[in-house]
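Report on the structure given below.
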Amino acid sequence: MTPEQAAANARAGLAVIVGAFAESPRTLRRARLLGLSGWAYHVSARAGALGDVRPETVAAALAFIAPEAVTDGWEATVKTHAPAEVATWHLVELCDWGAEHLGGFPRLTRLLDLSRRVTDRIDPAGLPLFAAWQAMPVPNTEPGAQAAVLLHLLHEHRQGVHVIAVRAAGLTPLEAIIAGPEGETGAVAFGWQPPYPPAGPLLRRLLWADAVADALAGQAFAALDRAERLEFAGLLESLSHRLVR
470 MTPEQAAANA RAGLAVIVGA FAESPRTLRR ARLLGLSGWA YHVSARAGAL
520 GDVRPETVAA ALAFIAPEAV TDGWEATVKT HAPAEVATWH LVELCDWGAE
570 HLGGFPRLTR LLDLSRRVTD RIDPAGLPLF AAWQAMPVPN TEPGAQAAVL
620 LHLLHEHRQG VHVIAVRAAG LTPLEAIIAG PEGETGAVAF GWQPPYPPAG
670 PLLRRLLWAD AVADALAGQA FAALDRAERL EFAGLLESLS HRLVR
């Protein structure tokens, strides 16, 4: 397994693990406790790590969410909360979730070791959200909490290099969504309004972008040797299955 193949393989598992946290009742309850809609919480919990910035900056960093939808969520948040405060609460919830749901994973120590080595190899240049989250102090030292944060960082890294690859392919974020597996349904979910471009002419460029994203993300997986990359793939698969069963 090459570093690029390891990055490609990790993509789905990381999405499942991060998605399990995002969709957990406890996470959704935090939005209600803060008096925010689910959408406002989604935008500010992720982008709040950037601090007190303009909606245009947030939209540029998030990229795949329509700018108008980003502005709606961000401005709804700042009426009552500093976005950085929301991100801090989100990190606390992530740690608590990780301690509860990942703490009993049988090979947690090994997952921590491999994840940390990959994360430490990441060059944050051009990845503002990854850099912002990496700089946030982790409030919980329990192994499950630490693992949740590292896996979140790896997922954020993948999201960031995907943006770079999509733009290098000559695609707009909307075009990349339309050419992807969710198509127009994904565009609607991320706040984009029709008319939408036809997907057919975009597919080849998206495939190229995916390969570039694998190559960029794979640079960090060079921190592991081939056997360790295979091992990490197995750990992610095992953990993701454990969370969705």
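Quick note on the working numbering: the sequence shown kicks off at 470 and runs consecutively.
Cβ atoms here follow ideal geometry from the backbone N, Cα and C, with glycine treated the same way.
Buried versus exposed, by CB contacts within 10 Å (16 or more), residue i
i    : result
E651 : exposed
H621 : buried
P663 : exposed
A656 : buried
R698 : buried
D694 : exposed
P608 : exposed
E544 : exposed
L672 : exposed
D589 : exposed
A514 : buried
R499 : buried
G542 : buried
R610 : The amino acid occupying residue 610 in the given sequence is Thr; Arg does not appear at that position. Exposed: under 16 other Cβ atoms inside 10 Å.
E537 : exposed
T549 : exposed
A658 : exposed
L502 : exposed
A614 : buried
P472 : buried
R523 : exposed
Chain-order list of residues whose beta-carbon lies under 7 Å from that of residue i (same chain, five-residue window excluded)
i    : result
A476 : D683, A686, G687, F690
R585 : L619
L563 : F490, A617, V618, H621
G649 : G655, L675
P666 : E644, I647
L640 : L671, R674, L675, A678
S493 : W566
Proximal residues to residue i (C-beta, below 6 Å), its chain only, five neighbours per side dropped
i    : result
V632 : A532
A553 : G517, G520
A489 : L712
V630 : A682, L685, A686
P642 : A532, F533
A702 : N478
A528 : P536, V539
Contact set for residue i: own chain, Cβ-Cβ below 8 Å, skip 5 residues either direction
i    : result
T546 : L505, A509, Y510, V512, S513, G517, P552, V555
R579 : E700, L704
Proximity test, Cβ basis, 9 Å: residue i and chain D
i    : result
L640 : The question asks about chain D, but that chain is absent: this structure has only one protein chain.
- [ ] Would you mind listing the alpha helix (DSSP H) stretches within the region 640 to 680 that are 4+ residues and don't spill past its ends, in chain order?
- [x] 642 to 648, 652 to 658
Open item on the list: Does the structure place the region 577 to 597 close enough to the region 557 to 568 that three or more beta carbon pairs sit under 8 Å?
Closed with: Flag = no, the region 557 to 568 and the region 577 to 597 do not touch.
Task: Start-end ranges of the beta strand (DSSP E) lying completely within the region 517 to 582, minimum 3 residues - done: For the beta strand (DSSP E) assignment, the region 517 to 582 encloses no uninterrupted run of at least 3 residues.
TODO: Evaluate the contact criterion for the region 598 to 607 versus the region 569 to 578: three or more CB pairs, one atom per stretch, below 8 Å.
DONE: no
- [ ] Please determine if the region 472 to 487 and the region 696 to 713 are in contact, where contact requires at least 3 C-beta pairs separated by less than 8 Å.
- [x] yes
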